[in-house]
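Asks:
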Amino acid sequence: MVGQRSNNGWVIWVSLILALVLSVGPVPSFMEIGRPLWLALFLTYWTLALPHRVGMTTAWVLGLAEDVLYGTLLGQNALILALITFLVLTLHQRLRMFPMWQQCLVLLVVFGLAQLVQLWLNALTGNRPPTLVFLLPALVSALLWPWVYAALRGTSRRLNVN
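In full-length UniProt numbering, the protein residues as written are 1 to 162.
#1: Given this structure, state the Cα-to-Cα distance separating Thr58 from Thr131, to the nearest angstrom.
#2: Go ahead and pull the three-state DSSP assignment for Leu139.
#3: Give a single yes or no on whether Met100 has its beta carbon closer than 7 Å to a heavy atom of the ligand ADP.
#4: Given 8 Å as the limit, is there contact between the segment 47-64 and the segment 110-128, that is, 3 or more CB pairs closer than that?
#5: CB Leu159 to CB Val11, shorter than 8 Å?
#6: Spell out a yes or no on whether the segment 113-129 and the segment 91-105 are touching, meaning 3 or more CB-CB pairs, one atom from each, closer than 8 Å.
#7: Along the alpha helix (DSSP H) that carries His52, what are the first and last residues, could you check?
#8: Given this structure, state the Cα-to-Cα distance separating Met31 from Leu139, to the nearest angstrom.
#9: Taking Cβ positions, are Gly34 and Leu136 nearer each other than 8 Å?
#10: Have a look at Arg94 and Asn7 and give me their C-alpha separation to the nearest angstrom.
#11: With DSSP run on the structure shown, which of helix, strand or coil describes Asn122?
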């Protein structure tokens with residue numbers, strides 16, 4: 001068993017690039033306000049599953065890529081993703097033991113905090129988004145967590161990512 005070391009780290013990066021594409025892909029205008037935080041969801045899964053491979057540096061680099069894709073203030077999304085990753089790493093051992101519904105609730109709080117920081121940063125730069133509707137992506141993302149978790153876990157087990 002010692003000789004069976006998988007080198008499927010490319011799966012992590014492909015899934016994170018897929019999350020970036022989902023983040024900027026076109027959706028109908030009525031769904032735009034509740035667009036899930038795809039990159040945050042995928043990054044949360046990989047941080048929980050493989051904290052030794054995906055961490056703060058990965059979050060920062062992906063956040064900068066998301067800043068470039070969105071055309072926002074450079075470092076804004078990097079800060080948000082680093083905050084999410086920090087909170088997930090801090091709660092790592094507890095989150096892994098929680099049942100799925102409790103994971104959803106904890107991630108609702110984490111994503112909600114991230115959205116509030118983003119609201120604060122937008123207010124500092126002069127962009128005023130709608131009021132509490134700004135928290136809708138956090139709710140949608142928390143509700144999507146069980147499916148994202150199941151899909152990525154199945155993929156990582158099938159391809160022996162470790």
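We put the CB at the ideal spot given by N, CA and C, even for glycine. Predicted, not measured: the structure shown is a model, and the values here were computed from it.
Replies: For this structure:
#1: Near 31 Å, if we compare the C-alpha coordinates of Thr131 and Thr58.
#2: Reduced to three states, the DSSP call for Leu139 is helix.
#3: This structure lacks the ligand ADP; in fact it carries no ligand of any kind.
#4: These segments do not touch.
#5: Remark: C-beta atoms of Leu159 and Val11 approach each other more closely than 8 Å.
#6: Output reads no: the segment 91-105 does not touch the segment 113-129.
#7: Unbroken run through His52: none, as it is neither H nor E.
#8: In this structure, the alpha-carbon of Met31 lies about 13 Å from that of Leu139.
#9: A contact, by the Cβ cut-off of 8 Å.
#10: Their backbone Cα atoms lie some 28 Å apart in a straight line.
#11: It is helical.
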